[in-house]
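Just so you know, we're using our numbering here: the sequence shown kicks off at 1 and counts up by one. Think of the CB as a built atom: it goes at the ideal place given N, C-alpha and C, for glycine as much as any other residue. Step one of this worksheet: look at the structure below.
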Amino acid sequence: MPSENLRWETLQALKNSPKGKISFDPYWSERGEHILAGCKDVLSLSPHSAVILERLGSLPLQKSSFLSSSSRDSSPGPSEEIPASVSSTGSVSDINTRNVLLSAAPSLKNEREQTSNDEVKDENPEEDVSEVSSPALLPSISLLSPKAMETAGRIIRFEEEHREKAKLALRLRQEAQEKLVVSVANAESEQLKRFEELMELKQRQELQSMKDMMDRETKESMGRQEKLKEEQRHRMKILNLRLREAEQQRLREAELEKQRQTEGRERLRTLNTIQEEILQLNQLLEPSSRTRTELPAASISSYSTRGNQLCSQVSEVVRKTAEGEFPSVEDMMAAERALHEMRALIRLMQEEAAKAQEKKKKEEEQEEERRKQAELQAQQEAQKKATQAAKEKAQRKGLQNSAEDATLKWFKELQDSAARCTQSFEQLNSPKDAQTKKLKLELQKAATIPVSQIASNSGSQLREIFDKIDKLLSGRPVVSGGKSVSTSMHPQGLDFVGYKLAEKFVKQGEEEVASHHEAAFPIAVVASGVWELHPQVGDLILAHLHKKCPYAVPHYPPMKEGTPVEEYQRILGYRVDDSGVEGQDSFLKRMSGMIRLYAAIIQLRWPYGSKQAVAPHGLNHGWRWLAQMLNMEPLADITATLLFDFLEVCGNALMKQYQIQFWKLILLLKDEYFPRIEAVTSSGQMGSVIRLKQFLETSLQSRQISPPKGQLSSTFWRS
């Protein structure tokens, strides 16, 4: 029993030893430590081992050959150290204690190594089996006591039993683990197979569903395609129907357009015929020798005025066609009404002329005798008055009775140039065959109709008229009266057209500007442009103007001896026919229109001409005309009228050009020249004098001359 107690105490001591307290940490690999890190501490004996050592120390030391051999084989180091220690001490108990310690040390060391080996063998059970079967590796107990050896043996057997149990448990556990791994692997393999079968089934199902869906979509797409094809066929049918309808509509419209063009050209030809007839009828309304003898002047003036108005109405209709448009039905109705009215006007004038002719037949002989006597008396009196006036003018100081020599020379050169131009187209002016006569009429219409169409409607229309005139003078073909005509069609065509064109410009000033003062500017700007590009036409314009209005030179032609009074009055600018000399009001009105046109020409330039070129007849000619007028003796009623018209149209431009010199001239006119005008003016002719006086006073008081009415602005040319 004591041995049992000692055994349990030994086991308790071993339990309490550091080796028994070693704990297994499953997380050693995660921390990067060694598996035997806890076994590397220094081993020490438990405090309870002292009792065993004391008890063992009291026993006699016995050394067997087995122990000595085992001690020598297992631990030679300590066996060699024992004699030295014995020699150093003399007591046997100390020697026994030391032997016990020396023998216990290797056993403890072996136990430590055995523990490490056990732990390693737990991981490698095959090595444990080999180590256990090897007797060389068994630890040796160097204790001399049998009880100690028994205890140690029991401990060893106990450890071996436990090791065997651990190995058995480990093998069982390993086998179970392997079975578990095999079962798990088999289950996983089966599960993987089932999963693969399931995935394959799903893929087949998805593939089948995709095929079904594609089949459905294919069927649906084919159905939709069929529907689209059907709709396309339906739309194509509708489109073809619409195309056929559109083509039929286009053909109908083309037919209508062709018909409209045909009707428009027919209306245009009819309109040209109406205009030609109206112009010819209007010429019948011109004051001729027959009408003047048969009709009173007031009646002739009213007929002529109404005829010009009707011509203007037709010209307005024709002007619309110049833009490439055909006249409308309303325009044709208006032109036909104008033609009917013109015909009615001609009939009325002829009826009135017939009545007047019947009335005057009875008095013709008496009137003829009295007229001859009156003409002789008037001629004698006019010669006397002219001689007396010449003497009085010669006595007056500082003023001339006639124009300067240079001015008269210039006047004669222009008239000679116009006469030569007339002679150059004598063959065309007196045609012998019908074709030449027709060409002459077409050229005359091509030259005069565009000028008669000039109005202050828009700048674009003026430019079209100018381009048409420029083409005609340049020898290029133009369309007139629905026919193409050119000056190159006759060798004398250019001279004839230039002469007629200049004559028409002056006639427009004589008639149109005289009735409507604002018309002077559009006519003048076209005339200035033609003058700049074709100077020969400008000289002809001056020649016609000087011939019809010698005051535009300025020139007061003297009455030569032997010149009839009627001829002298023609030279002065009066219209003289069988019915006598025109009235003073009509004469002044015509002179005023021509002077206004001349004043507009000298201050205007064609805006689309060359900017570097000099004006063909500029403001310097206006200054010369005004200065020469003030150097000549005034004529009653004429001088005041012409000065007022000229300054009203051209005064603003002269003021801007000459400034202080112009105001000096105006002051001279008011202070020195105006009293001379008043001196030669009778009480019945003061109207023009009063207008001139008011104009001069207003201008000098405000130190400003207003721009004339109807002057063309920059916005006019953009219209």
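- Query: Are V329 and Q275 closer than 8 Å when you measure CB to CB?
  - Reply: Counting from 1 along the sequence shown, the entry for residue 329 is found at position 329. Counting from 1 along the sequence shown, the entry for residue 275 is found at position 275. Contact: no.
- Query: Would you report the Cα separation of V478 and K468, rounded to the nearest angstrom?
  - Reply: Sequence index remark: in the sequence shown, residue 478 carries index 478 (1-based). Sequence index remark: in the sequence shown, residue 468 carries index 468 (1-based). So the two alpha carbons sit approximately 7 Å from each other.
- Which whole-angstrom value is the C-beta distance of V497 and A447, which I expect to be below 8 Å? Within the sequence shown, numbered from 1, the residue matching residue 497 stands at position 497. Within the sequence shown, numbered from 1, the residue matching residue 447 stands at position 447. Confirmed, Cβ separation roughly 5 Å.
- Query: In three-state terms, what does DSSP make of S488?
  - Reply: Within the sequence shown, numbered from 1, the residue matching residue 488 stands at position 488. Note: S488 maps to helix in three-state DSSP.
- Close-in-space but distant-in-sequence residues of the same chain around I677 (CB under 7 Å, 5 per side omitted): Working through the sequence shown from its first residue, we reach residue 677 at position 677. Here the set comprises P634, T639, A640 and V689.
- Query: In or out: Q248 buried (at least 16 other Cβ within 10 Å) or exposed?
  - Reply: What you label residue 248 is simply residue 248 of the sequence shown in a count that begins at 1. Looking at its Cβ environment, which holds fewer than 16 other Cβ atoms inside 10 Å, Q248 is exposed.
- How many angstroms separate the CA atom of P491 from the CA atom of R590? As a position in the sequence shown, residue 491 is number 491, starting the count at 1. As a position in the sequence shown, residue 590 is number 590, starting the count at 1. Distance between the alpha carbons of P491 and R590: 35 Å.
- 6 Å CB neighbourhood of T487 in its chain, flanking five on each side removed: Position 487 of the sequence shown, counting from 1, holds the residue named residue 487. The answer, listed in chain order, is G475, G493, L494 and V497.
- Would you kindly work out how many angstroms separate the C-alpha atoms of E159 and K165, rounded to a whole number? To locate residue 159, count along the sequence shown from 1; it is residue 159. To locate residue 165, count along the sequence shown from 1; it is residue 165. Going by the C-alpha atoms only, they are around 10 Å apart.
- Query: Can the beta-carbon of A724 be found less than 8 Å from the beta-carbon of V649?
  - Reply: Residue 724 lies beyond the range of the chain shown here (1 to 719); nothing can be said about it.
- Pick helix, strand or coil for D577, following the three-state DSSP scheme. Counting from one through the sequence shown, the residue named residue 577 turns up at place 577. Strand at D577.
- Item | Where F195 falls, given that 16 or more other Cβ within 10 Å makes a residue buried | Here residue 195 corresponds to residue number 195 of the sequence shown, with the count starting at 1. By the neighbour-count rule (16 or more Cβ atoms within 10 Å), F195 is not buried but exposed.
- Query: What are the start and end residues of each continuous alpha helix (DSSP H) run of 4 or more residues lying completely inside the region 634-712, in chain order?
  - Reply: 638-658, 660-668, 674-680 and 686-702
- Message: Going by DSSP in three states, S424 sits in which element: helix, strand or coil?
- Response: Residue numbering aside, residue 424 sits at position 424 when the sequence shown is read from its first letter. Helix.
- Query: Would you report the Cα separation of S289 and I705, rounded to the nearest angstrom?
  - Reply: Along the sequence shown, one-based indexing puts residue 289 at 289. Along the sequence shown, one-based indexing puts residue 705 at 705. Reliability of the predicted coordinates at S289 is poor, the pLDDT of 44 falling under 50, and the value obtained from them is presented with this limitation in mind. So the two alpha carbons sit approximately 43 Å from each other.
- T262 burial status per 10 Å Cβ neighbour count (16 or more: buried): The count along the sequence shown starts at 1 and reaches residue 262 at position 262. It counts as exposed.
- Message: In the DSSP output, which residue or residues are listed as bridge partners for K483?
- Response: Taking the first residue of the sequence shown as position 1, residue 483 is located at position 483. BP columns for K483 point to S480.
- Item | Own chain residues within Cβ distance below 8 Å of F695, not counting five before or after | For this step, residue 695 is matched to residue 695 along the sequence shown. Cβ neighbours of F695 beyond the five flanking positions: F644, L647 and E648.
- Please report the residue range of the alpha helix (DSSP H) in which F326 lies. Against the sequence shown, residue 326 aligns to sequence position 326. That residue, F326, is in no alpha helix (DSSP H); it is neither H nor E in DSSP.
- Would the region 504-513 and the region 573-585 be scored as touching if the rule is three or more Cβ pairs under 8 Å? no
- Item | Contact belief for G593 with G509 at Cβ below 8 Å, rounded distance in angstroms | Residue 593 sits at position 593 when you count from the first residue of the sequence shown. Residue 509 sits at position 509 when you count from the first residue of the sequence shown. Between G509 and G593 the Cβ distance is about 5 Å, and since that is below 8 Å, they are a contact.
- Message: Here's the rule I'm using: 16 or more other beta-carbon atoms within 10 Å means buried, otherwise exposed. How should S682 be labelled?
- Response: By one-based count along the sequence shown, residue 682 stands at place 682. The residue in question, S682, is exposed, as its Cβ has fewer than 16 Cβ neighbours within 10 Å.
- Proximal residues to P607 (C-beta, below 7 Å), its chain only, five neighbours per side dropped: Translated into positions along the sequence shown, residue 607 becomes position 607. Excluding residues within five positions, the ones whose Cβ falls inside 7 Å are W717.
- Query: Buried or exposed: where does N620 fall if 16 or more other Cβ atoms within 10 Å of its Cβ makes it buried?
  - Reply: Taking the first residue of the sequence shown as position 1, residue 620 is located at position 620. Exposed.
- Message: Suppose you measure from the CA of P554 to the CA of M332; what does that come to, to the nearest Å?
- Response: Your numbering for residue 554 matches position 554 in the sequence shown. Your numbering for residue 332 matches position 332 in the sequence shown. The alpha-carbon atoms of P554 and M332 are separated by roughly 46 Å.
- Message: Does C549 come out as helix, strand or coil in the three-state DSSP assignment?
- Response: Indexing the sequence shown from 1 puts residue 549 at position 549. If DSSP states are grouped into helix, strand and coil, C549 belongs with coil.
- Message: Are the CB atoms of A636 and V768 within a distance shorter than 8 Å?
- Response: A question about residue 768 goes unanswered here, because the residues of the chain that appear run from 1 up to 719.
- Where W531 sits in the DSSP three-state scheme: Mapped onto the sequence shown, residue 531 falls at position 531. Helix, per DSSP.
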